[in-house]
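For reference, the structure is listed below as structure tokens.
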Amino acid sequence: MAPKEPAGLRRSNDPPVLILTSLASGPKHGHALAKDIEGFAGVHLGPGALYGAITRLEERGLIEPLASEDRRRPYRITGAGSTALADAVADMRRIADVGATRLGLVPRVLA
Amino acid sequence: MSRDRDDLAGLLKWYPASWRDRYGAELVALMEDDLDGRRPSLRYRASMAASGMGQRARSAGLTGDGAAPEVRMHTGALVVLASWAALLLGGAGFAKASEHYSYTLGSAGHGVAVTAFDVVTAAAVVGAVLVLMGVSVALPATVRFLRAGGWPSVRGPVVVAVVMTAAVVVATVGVGVWAHHLTFHQRNGGDGGYGFAILAWVLLVASTVAAWTRAGIRVARRIDLDRGTLRVEAYLAVDVAAAVAVTSAAIGVWWIAMSDGASWFLAGTRPGTHPSPVTVQLAMIEGWLVAATALALYGASLVIRSLRAA
Chain A
430 MAPKEPAGLR
440 RSNDPPVLIL
450 TSLASGPKHG
460 HALAKDIEGF
470 AGVHLGPGAL
480 YGAITRLEER
490 GLIEPLASED
500 RRRPYRITGA
510 GSTALADAVA
520 DMRRIADVGA
530 TRLGLVPRVL
540 A
Chain B
43 MSRDRDDLAG
53 LLKWYPASWR
63 DRYGAELVAL
73 MEDDLDGRRP
83 SLRYRASMAA
93 SGMGQRARSA
103 GLTGDGAAPE
113 VRMHTGALVV
123 LASWAALLLG
133 GAGFAKASEH
143 YSYTLGSAGH
153 GVAVTAFDVV
163 TAAAVVGAVL
173 VLMGVSVALP
183 ATVRFLRAGG
193 WPSVRGPVVV
203 AVVMTAAVVV
213 ATVGVGVWAH
223 HLTFHQRNGG
233 DGGYGFAILA
243 WVLLVASTVA
253 AWTRAGIRVA
263 RRIDLDRGTL
273 RVEAYLAVDV
283 AAAVAVTSAA
293 IGVWWIAMSD
303 GASWFLAGTR
313 PGTHPSPVTV
323 QLAMIEGWLV
333 AATALALYGA
343 SLVIRSLRAA
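Note that the protein sequences, when read in sequence, are chains A and B.
According to my numbering, the stretch in the first sequence is residues 430 to 540, in order.
According to my numbering, the stretch in the second sequence is residues 43 to 352, in order.
Encoded structure:
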């Protein structure tokens, strides 16, 4: 069975996955997002890549902008975004579990 | 600081206007934070340019699924139109390369070559008729657009195309008069000046085709097609893409068939010799046609996917 592709989210280092993961801890504007992502994933997202992903996520209703008088507009994750992230995380965990088991990093579960 | 901000705001020119209106100020703020007073490097600028162009492609429906199906359908049809223009240029090169090929009839493999040549001709005629039908279908919307004051927004490319067409007419007459005073040998490589003039004429014709394609796309992107008309254009575009693919494939078959029994014709040597049939000229033409076909098929795939989604 082909793995499902929740809301177009694919790999753990995809900018949309990284952004949703960052916003799961609360609303952030662009620079705060970039710093947070660099901190937990070691990935530096340039402004172009970051806003390209923000555009796609907003179009899909997975994040939404918050009102702001500053040019640094914050974004927050929506309910649909949380669901999509949960699906993506479950997929990544399933793959990680298989990899860990095959490498002998965790005890193999016997049926 | 203001000059720095202007410099960064200048990088937004790569993005589509509607995107700039929505995200531009935020992106400039992010770049200010990201650079922290430093000037953007060349690599940084290139990255922003690539992102902006990617966003343009996305907004136009060329990539991704962000644009509405009607927008992607329209864009797909225009991509096919561009591929048709590319085919015209490659086809003109093929017409020159295959000139007088029928003199070689009688050699092995010519039955296939003749059939392939006929298929090229038929597919090109069918494609041209389909393109003209597409233009006709869009004509009422174009007239409405011009009557509503749309001319200034398309004037530039159209005027350039008209001026270039006039230049082609003048150049064609000039080259024709010159050729009339030359011998067969001089017209076929024996006169350097004439050869240079022909090359310049070919470049002028190619540029004029490109100018008309640009003007056509500029107009087509601004006219408002109703749903029914758009679907007709979409089906025509798929058919034109098929004509482009068939024409390119048939030219490839002709080349192979001629390679088998008349490689001397392709290489421009004496009959009876057996040089390599792979000439730079034909390889460039075929490569160009393969690229045109890839473009046509990509446009057709955009159209077909958006027809299913609409």
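The C-beta atom is built at its ideal place from N, Cα and C for all residues, glycine as well.
All of these numbers come straight from a predicted model, not from anything done at the bench.
**OP:** Determine contact between the stretch 277-294 of chain B and the stretch 129-145 of chain B, defined as no fewer than three beta-carbon pairs at a distance below 8 Å.
**Re:** The answer is yes - the stretch 129-145 of chain B touches the stretch 277-294 of chain B, with three or more Cβ pairs under 8 Å.
Exercise. Considering only residues of the same chain and omitting the five flanking positions on each side of Ala276(B), which have a CB-CB separation below 8 Å?
Worked result: Here residue 276(B) refers to the residue found at position 234 of the second sequence. Within the same chain, Cβ atoms closer than 8 Å to the Cβ of Ala276(B) are found at Met115, Gly118, Ala119, Val345, Ser348, Leu349, the five residues on either side in sequence being excluded.
Less than 7 Å between C-beta atoms, sequence neighbours within five positions excluded: which residues of the same chain meet that for Pro317(B)? If you number the second sequence from 1, residue 317(B) lands on position 275. The answer, listed in chain order, is Ser305, Trp306, Ala309, Thr311.
Practice problem: Note down, in chain order, every chain B residue with its Cβ under 9 Å from the Cβ of Ala463(A). | Solution: As a first step, residue 463(A) is located in the first sequence; it is residue number 34 there, counting from the start. Going along chain B in sequence order, the residues near Ala463(A) (Cβ under 9 Å) are Leu72, Asp75, Asp76.
Give the straight-line distance between the Cα atoms of Val161(B) and Ala284(B), rounded to the nearest whole angstrom. Looking up residue 161(B) in the second sequence gives position 119. Looking up residue 284(B) in the second sequence gives position 242. The C-alpha of Val161(B) lies about 13 Å from the C-alpha of Ala284(B).
Taking Tyr480(A) as the reference, which of Asp76(B), Val122(B), Ser83(B) has the closest Cα?
To locate residue 480(A), count along the first sequence from 1; it is residue 51. Among Asp76(B), Val122(B), Ser83(B), the Cα nearest to that of Tyr480(A) is on Asp76(B).
Is Leu272(B) buried or exposed, if buried means 16 or more other CB atoms sit within 10 Å of its CB? Taking the second sequence and counting its residues from 1, the one referred to as residue 272(B) is at position 230. That one is buried.
- Query: Quick one: is Val211(B) buried, meaning 16 or more other Cβ sit within 10 Å of its Cβ, or exposed?
  - Reply: One-based indexing of the second sequence puts residue 211(B) at position 169. The residue in question, Val211(B), is exposed, as its Cβ has fewer than 16 Cβ neighbours within 10 Å.
State buried or exposed for Asp281(B), treating a residue as buried only when at least 16 other CB atoms are found within 10 Å of its CB. Here residue 281(B) refers to the residue found at position 239 when the second sequence is read from its first residue. Label assigned to Asp281(B): buried.
inquiry  = Less than 8 Å between CB atoms is the rule here; does Ser343(B) satisfy it with respect to chain A?
reply    = Counted from its first residue, the second sequence places residue 343(B) at position 301. Closer than 8 Å: no.
| task | Can you tell me which of the three DSSP states Tyr504(A) falls into? | result | As a first step, residue 504(A) is located in the first sequence; it is residue number 75 there, counting from the start. In this structure, Tyr504(A) counts as strand in the three-state DSSP scheme.
_chain C contact for Ala67(B) (CB, 8 Å cutoff)_ = This model lacks chain C altogether, as its protein chains are A and B.
Can you round the beta-carbon distance between Ile506(A) and Ile483(A) to whole angstroms, since I take them to be within the 8 Å contact cut? Numbered from 1 along the first sequence, position 77 holds the residue referred to as residue 506(A). Numbered from 1 along the first sequence, position 54 holds the residue referred to as residue 483(A). At roughly 12 Å, the Cβ-Cβ gap does not stay under 8 Å, so Ile506(A) and Ile483(A) are not in contact.
Q) Excluding the five sequence neighbours on either side, which residues of its own chain have a C-beta within less than 7 Å of the C-beta of Thr315(B), listed in chain order? A) Counting from 1 along the second sequence, the entry for residue 315(B) is found at position 273. Trp306, listed in sequence order.
Got a sec? Which residues, its chain only, sit under 8 Å from Val535(A) by beta carbon, not counting five neighbours each side?
In the first sequence, the residue the question calls residue 535(A) occupies position 106. Spatial neighbours of Val535(A) in its own chain (CB-CB distance under 8 Å, excluding positions within 5 residues in sequence) are listed in chain order as Asp526, Ala529.
For Pro494(A), the residue or residues it bridges with in DSSP = The residue given as residue 494(A) occupies position 65 in the first sequence. DSSP lists Tyr504(A) as partners of Pro494(A).
| query | Would you call the stretch 246-261 of chain B and the stretch 206-220 of chain B touching, i.e. three or more CB-CB distances under 8 Å? | reply | Taking a contact to require three or more Cβ pairs closer than 8 Å, the stretch 246-261 of chain B and the stretch 206-220 of chain B qualify as touching.
In terms of alpha-carbon separation, which member of Tyr86(B), Gly94(B), Ala51(B) lies closest to Ala71(B)? On the second sequence, residue 71(B) is found 29 positions in, with the first residue counted as 1. Of Tyr86(B), Gly94(B), Ala51(B), the residue nearest in Cα terms is Ala51(B).
Quiz prompt | Pro476(A) Cβ short of 7 Å to the ligand HEM heavy atom set | solution = Ligands in the displayed structure: none, and consequently the ligand HEM is not present.
- Message: Closer than 7 Å between beta carbons: that is the criterion. Which residues of the stretch 490-522 of chain A meet it against chain B?
- Response: Answer set for the stretch 490-522 of chain A: Arg500, Arg501, Arg502.
Report task. Measure the C-alpha to C-alpha separation of Glu498(A) and Gly66(B) and round it to an integer number of angstroms. Result -> For the purposes of this step, residue 498(A) is identified with residue 69 of the first sequence, where counting begins at 1. For the purposes of this step, residue 66(B) is identified with residue 24 of the second sequence, where counting begins at 1. Spanning the two alpha carbons is a distance of roughly 15 Å.
- Near Gly135(B), which residues of its chain fall below 6 Å by C-beta distance, leaving aside the five closest residues on each side in sequence? As a first step, residue 135(B) must be located in the second sequence, where it is residue number 93. Result list for Gly135(B): Ile327, in chain order.
Closest residue to Gly490(A) among Ala519(A), Ser511(A), Asn442(A) (Cα-Cα distance)
Locating residue 490(A) in the first sequence gives position 61, counting from the first residue. Checking every option, the nearest Cα to that of Gly490(A) belongs to Ser511(A).
Cβ-based contacts, 9 Å cut-off: residues of the stretch 81-113 of chain B near chain A:
Here the close residues are Tyr86, Ser89, Met90, Ala91, Ala92, Ser93, Gly94, Gly96, Gln97, Arg100, Gly106, Asp107, Gly108.
message: Using only CA atoms, which one of Ala124(B), Pro111(B), Val121(B), Ala166(B) lies nearest to Ala137(B)?
response: Taking the second sequence and counting its residues from 1, one reaches residue 137(B) at position 95. Comparing Cα-Cα distances from Ala137(B) to each of Ala124(B), Pro111(B), Val121(B), Ala166(B), the minimum goes to Ala166(B).
Q: Measuring only between beta-carbons, confirm whether Pro435(A) sits less than 8 Å from chain B.
A: Start at 1 with the first residue of the first sequence, and residue 435(A) comes out as number 6. Confidence is the limiting factor: at Pro435(A) the pLDDT is only 48, short of 50, which leaves the residue's position unreliable, though a coordinate-based value still follows. For Pro435(A), the answer is no, since every Cβ of chain B falls outside 8 Å of its Cβ.
Review point. Does the beta carbon of Gly481(A) come closer than 8 Å to any beta carbon on chain B?
Key: The sequence position of residue 481(A) within the first sequence is 52, counting from 1. True, the Cβ-Cβ gap to chain B drops below 8 Å.
**Message:** For Leu447(A) and His473(A), I'd like the C-alpha separation in whole angstroms.
**Reply:** Position 18 of the first sequence, counted from the start, is the residue given in the question as residue 447(A). Position 44 of the first sequence, counted from the start, is the residue given in the question as residue 473(A). Cα-Cα distance, rounded: 11 Å.
Notebook entry, point to check: Which ranges does the beta strand (DSSP E) cover as unbroken runs of at least 3 residues, wholly within the stretch 163-244 of chain B, from first to last along the chain?
Noted result: None, since the stretch 163-244 of chain B contains no complete beta strand (DSSP E) of that length.
**Message:** Can you find the residues in the same chain that come closer than 6 Å, C-beta to C-beta, to Ala102(B), ignoring five residues on each side of it along the sequence?
**Reply:** Your numbering for residue 102(B) matches position 60 in the second sequence. So the list reads Thr117, once near-sequence residues are dropped.
| Does any C-beta atom of chain B lie closer than 8 Å to the C-beta of Ala540(A)? | Position 111 of the first sequence, counted from the first residue, corresponds to residue 540(A). At Ala540(A) the pLDDT is 44, less than 50, meaning the model places this residue with poor confidence and gives no usable figure here.
Let's see if you can read the secondary structure: which residues bound the alpha helix (DSSP H) around Asp75(B)? By 1-based counting over the second sequence, the position of residue 75(B) is 33. For Asp75(B), the enclosing alpha helix (DSSP H) has its first and last residue at 59-77.
Exercise. Using a Cβ cut-off of 8 Å (strictly closer), state whether Gly468(A) contacts chain B.
Key: The sequence position of residue 468(A) within the first sequence is 39, counting from 1. Look at Gly468(A): its C-beta is not under 8 Å from any C-beta on chain B.
Point to revise | 8 Å Cβ cutoff, Gly477(A) in contact with chain B | key: Translated into positions along the first sequence, residue 477(A) becomes position 48. At least one chain B Cβ lies under 8 Å of Gly477(A).
Practice problem: Given a cut-off of 8 Å, decide if Ser451(A) and Ile466(A) are closer than it, judged by their beta-carbon atoms. | Solution: Within the first sequence, numbered from 1, the residue matching residue 466(A) stands at position 37. Within the first sequence, numbered from 1, the residue matching residue 451(A) stands at position 22. The answer is yes: Cβ separation under 8 Å.
Checklist entry - Tell me which same chain residues have a C-beta within less than 8 Å of the C-beta of Gln323(B), skipping the five on either side of it? => result As a first step, residue 323(B) must be located in the second sequence, where it is residue number 281. The residues are Gly135, Ala139.
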